[in-house]
Amino acid sequence: MEGTINQSTKNKFGQYFTPKAVADFMIEMADVSPHSKILEPSCGEGVFLDLLQQKGYNRLTAYEIDQELAQKFSCVKYESFVSAKAEEKFDLIIGNPPYIRWKNLENDLKQELSANPIWVQYFNSLCDYLYIFILKSVELLHENGQLIFICPEYWMNTTHSASLRNYMVQAGYFEEIYHFNETPIFDKVTVSIVIFKFVKSKEKKEKIRVAKFYANQKLTVETLKNLKNQIPFKEAEYLTVSQFKTNERWLLQSDETRRELSILESNCIKKKPNSILNLFGEGKTEFHAIGDFCDIGNGLVSGLDKAFQVNGHALNENELKATLNVIKAKDLKPFLAKGITQYIFMPEGLEEKDFNEIYPNFYTHFQKYKTELENRYQYNRKINYWEWVFLRNFNLFSKAEKRIFVPCKERISNKDHFRFALADEGIFPTQDVTAIFRKPTAKESIEYILAYLNNPIIFDWL
């Protein structure tokens, strides 16, 4: 249920250039003098450098791996920040670091990371390119130096970024965090974004100022100013939260909600913790997952949904029997579904001649879709155009018991609930729905599991 970065537009170095208004906002967050030493580790086109110079900052250093960019600045070193032998310390490090998942990295970047001692010590192939930019930047700060970055927010709560979070908790504290829930800051990037100000310090402040912006609209100077000054308006939420701790997800929730979530997580701990030690020598805690109590399966794949919907056709007796009752994602509500859609479901092994004779209305219906159906992905086998291409989890869905349906993809940015809905036996999901069945060993009823999943605290946790 996370957002995505459009890989087709993504360049080799994971560059998404920062709008001028956002860069100016970030510079205004800094509390440094004109004589401060400032670093930008991935300067791109130079929007931060340009604004910093305009504001009278001249002790600038920047790195850029792409030699075609930022050519008008004498302070730019055209080399990889990851491998740079940087020894001097800085009062402010600011910018928009690149973010690429390991699987999408070019081979030369993977090799560079694999040979980097910071990466080897803290990270692995399940981590993002972004992580080393954050951690190395913290290392290069003076005591009381400030790190101000704009980046995706997923590293604040994923399992594989725990080592980075633990490092930062020990190194300093957060002063401000601005969370943008799928606000279109960068072209064709739909992940949630954060702007944060981190201070490297042995002394820690108790609280973090958090501003959350929920509107799916372009950021303006006025909006950013209102968020900075915590001016109330419809799409904004303001919180003051306690500093984060080691070995926990960083949730931008009130302290009361975080306490409730901590209790929830504690109740999910398995009785026999895993003996594997983490980076800091502490035992790794294992949690119960829904898969421990339920069987889960994604829905059937027709390959061309519109062709298989009955849509009010007059049917003969055989055709009435060759249908499947389906609940679509659009019809799911919390606890219940608002409607059922009938789908054509032909028995396998049917010859086309028999198809025409026994199911004449279906045969006629399919003719207008025949070309599209024959061009479906065939899953390495020959599939008749009137058949479904992938009867995924069909045996699971055929069980004579109630089941829970939930959309397999859901935008939750502007919602305060999930849509787990109870469905009767004989109701099937298609590819837009995931089905959940109670395991025979589970003590709880399917209705109890449904109520648990729809509990508001579960939404807050997820």
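All residue numbers for the sequence shown refer to my numbering, where the first residue is 9 and numbers rise by one. Just so it is clear, CB atoms sit at the ideal spot from N, CA and C, and this is done for glycine as well. This one's a predicted model, so the numbers in the text were calculated from it and none came from an experiment.
- Of the residues Lys-407, Ala-431, Asp-468, Thr-449, the one whose Cα lies closest to the Cα of Leu-458 is Ala-431.
- Excluding five sequence positions before and after Ala-450, the CB atoms of its chain that fall closer than 8 Å to its own CB belong to Phe-301, Cys-302, Ile-457, given in chain order.
- Counting only runs of 4+ residues, the alpha helix (DSSP H) found wholly inside the stretch 205–252 occupies 229–236, in chain order.
- Under a 10 Å Cβ-count criterion, Asp-424 is classified as exposed, with fewer than 16 other Cβ atoms of the shown protein chains found around its own Cβ.
- Distance between Ile-102 and Ser-82, taken at the CA atoms: about 18 Å.
- The C-beta distance from Leu-227 to Val-55 rounds to 14 Å, too long to meet the 8 Å contact threshold.
- The residues Leu-308, in chain order, have a CB closer than 7 Å to that of Leu-399 in the same chain once the five nearest residues on each side in sequence are set aside.
- Closest in alpha carbon position to Lys-45, among Leu-113, Glu-151, Phe-25, Leu-143, is Glu-151.
- For Ala-429, the enclosing beta strand (DSSP E) has its first and last residue at 429–431.
- Residue nearest to Ile-304 within the set Ser-122, Met-34, Thr-69, Cys-416 is Cys-416 (criterion: CA-CA distance).
- Secondary structure note for Leu-328: its alpha helix (DSSP H) is the uninterrupted segment 325–329.
- A distance below 8 Å separates the beta carbons of Thr-248 and Arg-217.
- For Arg-446, the enclosing beta strand (DSSP E) starts and ends at 441–446.
- Of all C-beta pairs linking the stretch 320–338 to the stretch 348–368, three or more are shorter than 8 Å, placing the two stretches in contact.
- Between the stretch 146–164 and the stretch 84–100, the count of Cβ pairs shorter than 8 Å is three or higher; the stretches touch.
- Per DSSP, Ala-170 is not a residue of any beta strand (DSSP E); the alpha helix (DSSP H) it occupies stretches across 170–179.
- One thing to note: Tyr-71 has its Cβ within 8 Å of the Cβ of Glu-87.
- CA-to-CA, the gap between Asp-74 and Gln-225 works out to about 30 Å.
- The alpha-carbon of Ile-239 is positioned some 18 Å away from that of Thr-191.
- Asn-104 and Phe-402 have their C-alpha atoms some 46 Å from each other.
- Around the beta carbon of Asn-462, 16 or more other beta carbons sit within 10 angstroms, so the residue counts as buried.
- Counted as a single uninterrupted DSSP element, the beta strand (DSSP E) harbouring His-150 occupies residues 149–160.
- Across the set Phe-252, Cys-276, Thr-254, Leu-381, the C-alpha of Leu-381 shows the shortest separation from the C-alpha of Phe-316.
- Under the DSSP assignment, Ile-465 falls in the alpha helix (DSSP H) whose first and last residues are 464–469.
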